[in-house]
Amino acid sequence: MKNNLIMEVNQYVAVIVSFYISFKVMREAIRTGDKGILLNIVLGICCLALGNVYFFLLRIVSIVPGTISVGLFAKNCCYLFFIAALLEYKKEAGKRGDLYFSFINGATFVLTAACAYALLANNIYVLNISVFLMDLFCLVLAVGLIPNKKARFFACLMISISLLDVISSIEIFTLSVFLKSLSPLLYLLFARLIDSMKEDVTHAC
Numbered sequence: 203m204k205n206n207l208i209m210e211v212n213q214y215v216a217v218i219v220s221f222y223i224s225f226k227v228m229r230e231a232i233r234t235g236d237k238g239i240l241l242n243i244v245l246g247i248c249c250l251a252l253g254n255v256y257f258f259l260l261r262i263v264s265i266v267p268g269t270i271s272v273g274l275f276a277k278n279c280c281y282l283f284f285i286a287a288l289l290e291y292k293k294e295a296g297k298r299g300d301l302y303f304s305f306i307n308g309a310t311f312v313l314t315a316a317c318a319y320a321l322l323a324n325n326i327y328v329l330n331i332s333v334f335l336m337d338l339f340c341l342v343l344a345v346g347l348i349p350n351k352k353a354r355f356f357a358c359l360m361i362s363i364s365l366l367d368v369i370s371s372i373e374i375f376t377l378s379v380f381l382k383s384l385s386p387l388l389y390l391l392f393a394r395l396i397d398s399m400k401e402d403v404t405h406a407c
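Each residue of the sequence shown is one higher than the last, beginning at 203 in the numbering used here.
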């Protein structure tokens, strides 16, 4: 019961923090008028928050979600935007070519479509494989951006999210509780990232 209470409190905290942060960063993105990296990151954060709100509302109305749900799909859609942001950073650095970017974009779209299929067909195996491959894409792209000072903070966040996503799939209750407790911290770090990016956009103008 103590562990269940901890998870429940953590879920409430994560929902409140994610909803507040998503509102805050979306407002900042609209103010700056940026339609590139900043907007992609903000949309990714909003997808994560929508997934949290979905599960929170189900808990309020006492509905237990299935193994695969719309909220889970919404959270997985964040990878579309985060990978797009990582690719934009690589383009700015002049790394790779158009074929490379087209492959990553195409593969990410296919994996997102596979997640949608998994939701409709209630196929947990397709979902797990798709999410694992998107985690892998994020990891590879983010690690490659570590030397880039401008992208380093975001790259480290992507590495953290991808690793937490992979590790949390391990069915160890104590570890799962610990990893989920880090969610509010990640949202706060995202807010700091957006603030620093907003300052860069303002200085550039």
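Beta carbons: idealized from backbone N, C-alpha and C, even for Gly.
Quantities reported herein were computed from a predicted structural model and do not represent experimental measurements.
Subject >> Environment of Asp367 [buried if 16+ CB atoms lie within 10 Å] >> reply: Buried: at least 16 other Cβ atoms inside 10 Å.
Subject >> Continuous alpha helix (DSSP H) stretch holding Leu347: start and end >> reply: Leu347 -> no alpha helix (DSSP H), and no H or E assigned at all.
Subject >> Rounded separation between Tyr311 and Leu343 - CA only >> reply: Checking the sequence, you will find Phe at residue 311 rather than Tyr. Going by C-alpha positions, Phe311 is about 16 Å away from Leu343.
Original post:
Is the beta carbon of Ser332 sitting closer than 8 Å to the one on Ala320?
Top reply: Yes.
**OP:** Identify every run of the alpha helix (DSSP H) within the region 285-361, keeping only runs that are complete inside it and at least 4 residues long; order them along the chain.
**Re:** Along the length of the region 285-361, whole alpha helix (DSSP H) runs at least 4 residues long occupy 300-323 and 326-346, reported in chain order.
**OP:** Answer with buried or exposed for Gly308, where buried requires no fewer than 16 other C-beta atoms within 10 angstroms of its C-beta.
**Re:** In summary, Gly308 is exposed, with fewer than 16 beta-carbon neighbours lying within 10 Å of its beta-carbon over all protein chains present.
**OP:** Report the three-state DSSP secondary structure of Lys226 (helix, strand or coil).
**Re:** Reduced to three states, the DSSP call for Lys226 is helix.
Original post:
Taking C-beta to C-beta, are Ala353 and Leu347 nearer than 8 Å?
Top reply: Yes.
Original post:
From Ala286 to Leu259, what distance separates their C-alpha atoms?
Top reply: One C-alpha to the other measures close to 29 Å.
**OP:** Run the CB neighbour count on Tyr389, radius 10 Å, all protein chains shown included, and call it buried at 16 or more, exposed below.
**Re:** Per the 10 Å Cβ criterion, buried.
Subject >> Coil, strand or helix - Leu274 by DSSP >> reply: Leu274: helix per DSSP, three-state reduction.
Original post:
Applying the criterion that 16 or more other CB atoms from any shown protein chain within 10 Å of the CB defines a buried residue, is Ala315 buried or exposed?
Top reply: Around the beta carbon of Ala315, a 10 Å sphere encloses fewer than 16 other beta carbons of the protein chains shown; the residue is thus reported as exposed.
**OP:** In angstroms with no decimal places, state the Cα-to-Cα distance between Tyr302 and Val219.
**Re:** Looking at the two C-alpha atoms, the distance is approximately 36 Å.
Subject >> Neighbourhood of Val217 by C-beta distance below 7 Å, restricted to the same chain and skipping five residues each side >> reply: Contacts found: Asn254, Val255 and Phe258.
Original post:
How many Å lie between Arg229 and Asn278 at the Cα?
Top reply: Between the alpha carbons of Arg229 and Asn278 lies a distance of about 23 Å.
Original post:
Gly296 to Ile306, Cα distance in whole Å?
Top reply: Between the C-alpha atoms of Gly296 and Ile306 there is a straight-line separation of about 16 Å.
Original post:
Taking the continuous alpha helix (DSSP H) assigned at Val255, which residues delimit it?
Top reply: Ile239 to Ile262 is the extent of the alpha helix (DSSP H) around Val255.
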